[in-house]
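Taking UniProt numbering, the leading residue of the sequence shown gets 1, the next gets one more, and so forth. Note sheet for the following structure.
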Amino acid sequence: MVERTLSIIKPDAVQRNLVGEILTMIQKAGLKIVALKMLYLTKKQAEGFYKVHQDKPFFDSLTDFMSSGPIVVSVLEGENAIENYRKLMGATNPENAEEGTIRKKFALDIEKNSVHGSDSIENAKTEIAYFFNELEIVG
Ligand code: RTP
Ligand code: MG
């Protein structure tokens with residue numbers, strides 16, 4: 001099934017000039033970029049995006065981090081895009097990430113792990129709508 005997923009290149013990766021290399025890995029994996037922009041979230045906007053995690057112990061630190069510098073958000077499209085992109089990202093904790101994944105290559109630690117990807121069809125819809133309207137996504 002052709003799906004769409006939301007990708008974020010997180011502040012740790014944008015700050016280290018890794019946007020091009022990460023987008024290249026995404027494109028080489030066959031995921032199609034159908035929307036793309038750079039944003040600098042406020043703390044409130046980061047809290048809104050990650051509200052599914054509001055009761056987790058890492059919520060305050062995570063939303064501080066996500067509002068600490070610019071991010072690059074994109075919509076990726078392809079067969080099984082949600083699962084395929086999560087495979088390409090690798091495990092949340094880079095110590096557990098497989099060789100060849102974005103997090104294995106670039107992540108600094110379990111929080112500064114360079115990329116985000118939606119984890120379900122339902123969450124992908126909500127997350128894409130948080131950043132893009134339909135006119136900003138190419139058909
Ligand atoms: P993401 O949502 O960013 O794609 O990452 P994920 O599904 O692999 O991980 P998730 O459990 O959804 O956690 C969201 C983000 O919170 C940070 N985190 N910190 N300190 C910690 O124990 C901890 N655990 C998670 C990471 O930035 C993680 O990607
Ligand atoms: Mg997640």
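Even glycine gets a Cβ: it sits at the ideal position worked out from N, Cα and C. Model, not experiment: these values are computed from the prediction.
Sixteen is the threshold: when 16 or more other Cβ atoms of the shown chains lie within 10 Å of the Cβ of I71, as they do, the residue is buried. T126 is the residue among V138, I110 and T126 whose C-alpha sits nearest the C-alpha of L6. Nearest Cα to V34 within the set A81, L41 and T63: A81. Beta-bridge pairing by DSSP links H53 to no other residue. Judged by pairs of C-beta atoms under 8 Å, the segment 78 to 95 does not touch the segment 33 to 51, as fewer than three such pairs exist. DSSP, reduced to helix, strand and coil, places I110 outside both helices and strands of the structure shown, so it counts as coil. Counting along the chain, R4 sits inside the beta strand (DSSP E) bounded by residues V2 to I9. When Cβ pairs closer than 8 Å are counted between the two stretches, the segment 82 to 92 is seen to touch the segment 107 to 125, the count reaching three or more. Shortest gap from the CB of D119 to any heavy atom of the ligand MG: under 8 Å. Taking a 10 Å sphere around the C-beta of A124, we find 16 or more other C-beta atoms and assign the residue as buried.
According to DSSP, residue pairing for S74 in a beta bridge involves S7 and L36. In this structure, the beta-carbon distance from F132 to K37 falls below 9 Å.
Using a cutoff of 8 Å, the CB of K43 does not count as near the ligand RTP, since none of the ligand's heavy atoms is closer than that.
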